[in-house]
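Chains as they are written, first to last, in our numbering: chain A, 1 to 710; chain B, 711 to 1072.
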């Protein structure tokens, strides 16, 4: 295997973990207690109903998608660009999501960013009469912050005092900002591009610039142990996260079995030895051997953990019922068909299957249309009376035409590689979903049956991994994707084996909850450190290859991360955070239980103001000159990012962290097109599709996970 | 419900009256101080249909008094310049040219910017015809919506000129001539500049709007004359410069062969420069139009050139031409368009242009 166990790890792991997940915990909750308010929620259910989970899965999927098609995704430069593009959007999206959870909108947020930047520049500029105030930056920056807070306060107060919808109040503010930006710029400096903040040189510019526009060039610092740290970060962090999941999922035994601890230790030592072996010996046979050893080590490690701490259960004797057998075979068949088609496409036509595509174009378009009609038919009311019938027919025609057009557009744009990848992806993902359902159904029959289904899944993963390894022309598929799929298949198998023998917990266990919470946090932190070293440092070998474009990490990224963490903490761990949810959910009720609703909302508007001020300064220091149009119209992007991140438009529900992920999704979707060298004319069509899919997936996962409860 | 609706309508009506009143002030101010920009485009947009007569009967008399002092002819001429201006840096210079011409000639100029809304612009044109304009100069970003109104103006015997955009349609309208730059020719010129420089082989032509015909034509023109390869792609909006820069950077990273960047606007040109600097890559950058910071970059040698369509002339010339046609029955151009560009700003003349930019006329 290679030095890097690939960034796509999560992508595949999540997919397959889902399979196991949904099975495991739905079963868990199905038998839970009588009172649904006290019902125990399984670990996966708890994870999946979090608002940001859909966004994270979406982000990983989009990342994996572009990783597959674009060269610059997956290397540090690409990641630098993504974060760079996401930072200003993300800071605003996080603030806006807080406000939206609190039940309000701020349409002036976009224009506000430019406004506060321009105000600062105008305060700093010194060109004589009416040319600007000529203040020191030490004064100008706090002063513009005060203005920002004041504008936020004004927005909030007007909304609260008048009781008008914030939508219309802030729309007015938006126009005021727009007018002021243009009006004051032209009045004061007679120009609509407002420059330059570096006229504050000698008046605090040198002090503030590193704070708002410091650049950290990644190609200078060398760290030879970078890749080792990166790999270890994933392995140790990933294992900790896995342990947290095991701890949450299984019922603890009354009496611990020390033999299990030894087995687990042996597994860990074995894994370490295998990795050392892989690192030092390279070759196909060696890799195969190492993979097998690693699987044994993982079985020993997690099996030992289970033996040590968890309660045994009966594995059951019923294996397959007709139902589970059908589902399993369908899933296996789907994956097999995908792999076979992808293989066939490559073998029959070395250069191009586009001729085939041309020949099949119209049948496929018609098939797409027919599928659309069928989907519509499934969901329409019927044809009883005239009105229903007409409505049904219209729906069917519309959906049919839309899907036919979609297929046509796709056929028109696709390439041979694209077609292969998409066919393969569709069949494999479809198959995995079917297998997940099969595992869920089998879990209700007996633990042994579920184990068999998961084993089948794992074997299909193995086949897929070798197929990718053997067929792909791309090095990163042959190495990184291969390793990740293999690893995921192994994890599914281990999970299936352990959960066959050990009992799932159906009741709350505070000790286990705390323990696994800590393990998960530590795991995420370690993975984060591993990723950071990979992002921030370079190695001599890499420099020698000349493959590295300089990567500049800007302060804006740090501000973005800091702001997202702060907002997440604010929302999740403080009284103020609870108030935000309360006023957004039901303001009247919140007020009656003593939440200062008006004040909370006003403070939320002020937080948005501060965020806009921050973004304005980031832009001002970075660009030096701001156009008076800066930020106009971006407020909808903030709202979109927040919604993609799981925040509801109706308020009372959402996640600040999710909004940050939403911003990253937006940034990836924007950058993926140029990075893949696709025709940018299609960009918005693509962006729209991505956003719709992200939101649908988010919603789907959440409803399914909630419905899976008692 | 219905009373609420009535109230709303009444309110809207009242509001339109107020804004009409404001609108009628605008031209006066513009006339007084050449560089005064407080004539708001939004007001002009709303004074279209309801108040044309009140608007115009009032003003020429006002200004006639001032004007008659030092001018021979054209004392009470009122020309309309009806554009799709968004009051951006480009249009503010153009407007300044038009205002200057009006001041020099002692005529009344009504400036109307529609902020890229063809419907508003079409209304403005109809209103100008109804108001008995002595001449109309209009930009034609979306010809189909605007041609009928301008044809009606020609039919009414009003001299019509097109400016900035409309080179393909001015003859259909019956306009005397067009003052502007043809985008393809400007792009051709840019291509020749890159050829002369000789260091670029593959140019990324970045657009800041996705469906603007003129911007596409600039890239097409570049591809016509440039001897290497040109890829024309939409990057991101000027309002979001960070995203714009990131997109350009991503495109450059994805294709290591790109060694030239053409930004078809001044802001995106700077974004391209920053993206290249971020990557540490040696990329020849060319731009379109002028902002102070782009001039600075040209002066510093970071940007090779910018195509200047000298929009001051596009404001100044139509007013002058209308004046001459009305007062002396002169026409210029012989039915062919009058091109104001491409002019180029390079390191050689950057310093001179910079001073003029500061004065607001370039």
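Idealized CB from N, CA, C, for every residue including glycine.
DSSP places residue 996 of chain B inside the beta strand (DSSP E), whose first and last residues are 994-998. At least 8 Å separates the CB of residue 795 of chain B from every CB of chain A. Excluding five sequence positions before and after residue 1040 of chain B, the CB atoms of its chain that fall closer than 7 Å to its own CB belong to 1034, given in chain order.
Under the rule that a run must span 3 or more residues, the beta strand (DSSP E) segments found entirely inside the region 948-973 of chain B read 970-973. The closest CA to that of residue 1060 of chain B, considering only B:903, B:1014, B:1049 and B:1019, is found on B:1014. With distances taken between CA atoms, residue 687 of chain A lies nearest to A:62 out of A:274, A:62 and A:495. If the five residues before and after residue 963 of chain B are omitted, its C-beta is found closer than 8 Å to the C-beta atoms of 989, all from its own chain and listed in chain order.
Below the 7 Å Cβ cutoff, chain B contributes 952, 953 and 956 as neighbours of residue 85 of chain A, in chain order.
Taking a cut-off of 8 Å for Cβ pairs, the region 448-457 of chain A and the region 423-439 of chain A touch, as three or more such pairs fall below it. Each of B:941, B:823 and B:921 was checked against the Cα of residue 930 of chain B, and the nearest Cα belongs to B:941.
Note: residue 848 of chain B is bridge-paired with B:792 and B:872 in the DSSP secondary-structure output. Counting of Cβ neighbours within 10 angstroms places residue 280 of chain A among the exposed residues, the total staying below 16.
The region 873-952 of chain B is shown to contain whole beta strand (DSSP E) runs of 3 or more residues at 888-890, 912-917 and 939-944, in chain order. Comparing C-alpha distances from residue 793 of chain B to each of B:846, B:895 and B:786 shows the shortest one belongs to B:846. With respect to chain A, the C-beta atom of residue 977 of chain B has a partner C-beta closer than 8 Å.
A check of alpha carbon separations from residue 162 of chain A across A:637, A:598, A:678 and A:199 identifies A:598 as the nearest. For the region 444-518 of chain A, the continuous alpha helix (DSSP H) assignments of 4+ residues that do not extend past its boundaries occur at 447-471 and 482-501, in sequence order.
In this structure, the straight-line span from the alpha carbon of residue 483 of chain A to that of residue 216 of chain A is close to 32 Å.
Residue 632 of chain A sits in coil when the DSSP states are folded into three classes, being neither helix nor strand. For residue 508 of chain A and residue 247 of chain A, the gap between their C-alpha atoms comes out near 12 Å. DSSP, reduced to helix, strand and coil, places residue 313 of chain A outside both helices and strands of the structure shown, so it counts as coil. Counting only Cβ-Cβ distances below 7 Å, residue 70 of chain A has contacts in chain B at 964, in chain order.
Distance check between residue 985 of chain B and each of B:816, B:998, B:945 and B:1008 places B:945 closest, using alpha-carbon atoms only.
Between residue 84 of chain A and residue 554 of chain A, the beta carbon gap of about 6 Å places them in contact (Cβ cut-off 8 Å). Taking the Cα of residue 100 of chain A as reference, the smallest distance to any Cα among A:628, A:391, A:424 and A:648 is reached at A:648. Short of 6 Å from the beta carbon of residue 302 of chain A, and not among the five residues preceding or following it, lie these beta carbons of its own chain, in chain order: 494 and 498. If you look at residue 216 of chain A, you'll find it in the beta strand (DSSP E) that goes 215-217. Among the residues facing chain A, residue 1003 of chain B is included, as its CB has a counterpart in that chain under 8 Å away. In the assembly as shown, residue 91 of chain A is a buried residue. Its beta-carbon has 16 or more other beta-carbons within 10 Å. Contact annotation: residue 957 of chain B and residue 626 of chain A have beta-carbon atoms that are not nearer than 8 Å. The beta-carbon separation of residue 89 of chain A and residue 667 of chain A, rounded to 7 Å, stays under the 8 Å limit for a contact. Cβ neighbours of residue 503 of chain A within its own chain (closer than 6 Å, five residues either side excluded): 251, 311 and 313. Neighbours of residue 670 of chain A across chain B, judged by C-beta separation under 8 Å: 946, 953, 956 and 957. Look at residue 615 of chain A here: in three-state DSSP terms it is helix. Taking a Cβ-Cβ threshold of 9 Å, none of the residues of chain B is close to residue 422 of chain A; the smallest such distance is about 20 Å. Excluding its 5 nearest sequence neighbours in each direction, residue 191 of chain A has C-beta neighbours in its own chain below 7 Å: 185, listed in chain order.
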